[in-house]
Amino acid sequence: MLNTEPDRLKRYEQSTNEQRTEIAALKKKIDQLSFVRVALLLIEIGFFVGLVSSEGTSANAIWSVLLVLPIFTFAAVVGRQNKLEKEYKFHQNLLWVFENEIALLQGKANRYDDGTSFEDENHPYLSDLDIFGKSSLYALINRCASKIGVEELAKHLATVRSRETITDRQEAIKELTNHINTTFDFRANLKGHEVTRIEEIKLKLSSQLLKQVAFTSNTLLKFYVKLVPYLMLLLFSVGLIFGGTFWSVFGLIAFANAILTFFYSKQITTVYYGFSGSSGLLSSYADAIQWTEQRDWKSKYIKDLFLSEEKVSVHIKTLAKIIVEFDARLNFLLFAVLNFFLLWDLKCCIKLGNWSRNVSDQVAQGLDRIGYFEELISFATLNYNHPSWIFPVLVDDFALKAEELGHPLIAAGKRVDNNYMLIQTPTVDIITGSNMAGKSTFLRTVGINMVLAYAGAPVCAKQMDLSIFRLLTYMRIKDNLIESTSTFKAELNRLKMILSEVEQHTNAFVLIDEMLRGTNSKDKFDGSKAFIEKLIKIGTPTLFATHDLQLSELEQVHPSAVRNFHFDIQLVGNEMEFDYFIKQGPCTKFNAAILLKQIGLG
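So for the sequence shown, the numbering used here puts the first residue at 540; every next one is plus one.
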């Protein structure tokens, strides 16, 4: 297996070239069949002219037979062309999938949803750690096209599961990474379909369809609908031979069929509503579900997604075929012929009734399974695209130890990785340093990798041991004009939330970046000092970034509960250089005066 990000990029570029070649070949075949269809139409016109111009019974019979041949050939050509067009669309979707992976590895935006709708500033960490929205962790990971998929992914980034569940998810993601080449086909089958469309179908299958097709359980109706095609064929054949009265009977029964169809038109429309034109969508979803059914999954987490051994994909393909037949009613002329002579709509309703009574619930559950696989595949793709990342070791004992920990949203070439670890007892680690030196980024690096770890995903590190923490952050505090909330009031609200959480949960872990920015320097120091001492008393591990060097003196007052770290700058002439490495002890170099001088204020 290729084992570097550049190797992955080359693999995707090769795959896009293969898809472009396949797409061009399919396009050529489709165009050729279009010419064949035109030729068959012209031949049919020629045969019809021949029939009209012919004289004699034998000649008429020959031209009649010849007239039928282009029709059957045309039908076969249309079927072949439809199949090729489906393949064409699939390979276009597959090309889109590979091009999107290339874009992401090149640092460009993901074409899948970025999760903006899941943003929540009141959540304990989402907003501060860039979990949702543009250029977020969700935007980096998401490969979901279904409603359940995008919601499941959001849920696993916003909540923490048990250690057992996280470990099970790790195994599932690893297993899916081993099948990564076929996951692209899975994703291509789901590309381009409306999310709301499949949700409407699921709702119909799970709670509506059985009631809507109840009228098809009428034994007499079912018998007559089954009998009609044979009866009409018999009357048509007899009419050709004997004519007269038999044609009158044939027409009378056709009229009766029309009346019967009209009588049930309301029920038929209700059954059909929600299915119209969805055969392609159902067929694609059936292919995706079939992919999940064809493998002998080993991981417990994936096995638990299957509620039965039933092959749901077969049932969905059956449903898709019924919908294709039902869609014939969209053609007005065909609608009249099929219903007057074959009771076509009623026949389709009866088929749906028989189908729904047996497998409707199983299919709805199978469609849900697609979303759960999408969410896991999103993480598996992340794992595949970043082979240097590792799966953290989840431990029961109090621990956070990381080697070469980097921010997953910063490109490998620009990222600076750091080592960091907690000691055996909780401490408040005060991080001082210059502006732009890396304090905030480091806090977010620790936090965002913890979010990845708790989702069962790989983390951007060489090694990481971690216990289950309740992550709480205080970083981007903003005022709210609509709610008449000042920055200081918003800060107080956040601090109140954090204090409430740490008092309730012994496994809390707090990240704070520059506390109490909305007040004067004295109150800021006094409040920060009191807050730190409160966390020390409770025993909550904390990373506390600040420009206030005076706070670093708390290590002398609480030597076993406070540690000092810093990020500094190097001055080369009048230029500042940052190495972004975390170092022991308080900071001794600051850059605010230099920055002010550069803009003419020094």
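In this text, a Cβ means the ideal position worked out from N, Cα and C, and glycines have one as well.
Local Cβ density within 10 Å of residue i, reported as buried at 16 or more and exposed below that
{"i": "Tyr664", "result": "buried"}
{"i": "Lys567", "result": "exposed"}
{"i": "Pro545", "result": "exposed"}
{"i": "Gln553", "result": "exposed"}
{"i": "Phe912", "result": "buried"}
{"i": "His1044", "result": "exposed"}
{"i": "Gln631", "result": "buried"}
{"i": "Ile1021", "result": "Residue confidence for Ile1021 is low, a pLDDT of 48 falling below 50, so the modelled location carries little weight and cannot support an answer."}
{"i": "Gln1109", "result": "exposed"}
{"i": "Glu594", "result": "exposed"}
{"i": "Thr758", "result": "exposed"}
{"i": "Leu676", "result": "buried"}
{"i": "Leu524", "result": "This structure cannot settle anything about residue 524, because the visible part of the chain is limited to 540 through 1141."}
{"i": "Ser746", "result": "exposed"}
{"i": "Ile861", "result": "buried"}
{"i": "Val985", "result": "buried"}
{"i": "Lys856", "result": "buried"}
{"i": "Phe794", "result": "exposed"}
{"i": "Arg708", "result": "buried"}
{"i": "Phe611", "result": "exposed"}
Cα-Cα separation, residue i to residue j
{"i": "Leu760", "j": "Val752", "result": "13 Å"}
{"i": "Phe754", "j": "Thr808", "result": "13 Å"}
{"i": "Arg559", "j": "Ser701", "result": "45 Å"}
{"i": "Asp907", "j": "Leu821", "result": "13 Å"}
{"i": "Lys673", "j": "Leu948", "result": "11 Å"}
{"i": "Phe918", "j": "Leu961", "result": "27 Å"}
{"i": "Lys730", "j": "Ser1091", "result": "54 Å"}
{"i": "Val575", "j": "Gly585", "result": "15 Å"}
{"i": "Leu869", "j": "Ser815", "result": "9 Å"}
{"i": "Ile705", "j": "Ile1007", "result": "10 Å"}
{"i": "Trp830", "j": "Asn720", "result": "12 Å"}
{"i": "Gly1142", "j": "Met771", "result": "This structure does not reach residue 1142, given that the chain is present from 540 up to 1141, and the question cannot be answered."}
{"i": "Phe1027", "j": "Ala1069", "result": "16 Å"}
{"i": "Ser756", "j": "Ile889", "result": "8 Å"}
{"i": "Phe640", "j": "Gln806", "result": "Note on identity: in this sequence residue 640 is Glu, with Phe being the wrong assignment. Rounded to the nearest angstrom, the two C-alpha atoms are 47 Å apart."}
{"i": "Ile1121", "j": "Asn957", "result": "7 Å"}
{"i": "Phe802", "j": "Ile680", "result": "53 Å"}
{"i": "Lys978", "j": "Gln1123", "result": "13 Å"}
{"i": "Leu1088", "j": "Gln904", "result": "58 Å"}
{"i": "Trp602", "j": "Phe871", "result": "29 Å"}
{"i": "Tyr769", "j": "Asn717", "result": "54 Å"}
Residue i (DSSP reduced to helix, strand or coil)
{"i": "Gly977", "result": "coil"}
{"i": "Tyr911", "result": "helix"}
{"i": "Gln833", "result": "coil"}
{"i": "Thr809", "result": "helix"}
{"i": "Thr698", "result": "coil"}
{"i": "Ser1023", "result": "With a pLDDT of 49 at Ser1023, under the threshold of 50, the predicted position of this residue should be treated as unreliable, and no value is reported."}
{"i": "Leu1135", "result": "Model confidence at Leu1135 stands at a pLDDT of 49, short of 50, so the residue's coordinates are unreliable and nothing is read from them."}
{"i": "Met771", "result": "helix"}
{"i": "Glu1116", "result": "strand"}
{"i": "Asp900", "result": "helix"}
{"i": "Met1014", "result": "coil"}
{"i": "Ala578", "result": "helix"}
{"i": "Ala867", "result": "helix"}
{"i": "Glu1042", "result": "helix"}
{"i": "Tyr923", "result": "helix"}
{"i": "Val967", "result": "strand"}
{"i": "Val955", "result": "coil"}
Proximity of residue i and residue j at Cβ, strictly below 8 Å
{"i": "Leu881", "j": "Val767", "result": "yes"}
{"i": "Ile792", "j": "Leu774", "result": "yes"}
{"i": "Val764", "j": "Leu891", "result": "no"}
{"i": "Thr971", "j": "His1105", "result": "yes"}
{"i": "Ala1225", "j": "Ile737", "result": "One cannot answer for residue 1225 here, as it falls past the ends of the chain, which runs 540 to 1141."}
{"i": "Leu982", "j": "Met1014", "result": "yes"}
{"i": "Leu1005", "j": "Ala992", "result": "yes"}
{"i": "Arg682", "j": "Tyr923", "result": "no"}
{"i": "Lys743", "j": "Gly813", "result": "yes"}
{"i": "Leu858", "j": "Val902", "result": "yes"}
{"i": "Lys1073", "j": "Leu1031", "result": "no"}
{"i": "Leu579", "j": "Val616", "result": "yes"}
{"i": "Ser818", "j": "Val777", "result": "no"}
{"i": "Leu715", "j": "Ile916", "result": "yes"}
The ligand ATP heavy atom lying under 7 Å from the CB of residue i
{"i": "Thr784", "result": "This structure lacks the ligand ATP; in fact it carries no ligand of any kind."}
- Message: Would you call the segment 613–633 in contact with the segment 646–665, where contact means no fewer than 3 C-beta pairs closer than 8 Å?
- Response: no
- Task: Check whether the segment 1074–1093 touches the segment 1031–1051, counting contact only when three or more Cβ pairs, one atom from each stretch, lie closer than 8 Å.
- Result: yes
- Task: Determine contact between the segment 990–1002 and the segment 935–944, defined as no fewer than three beta-carbon pairs at a distance below 8 Å.
- Result: yes
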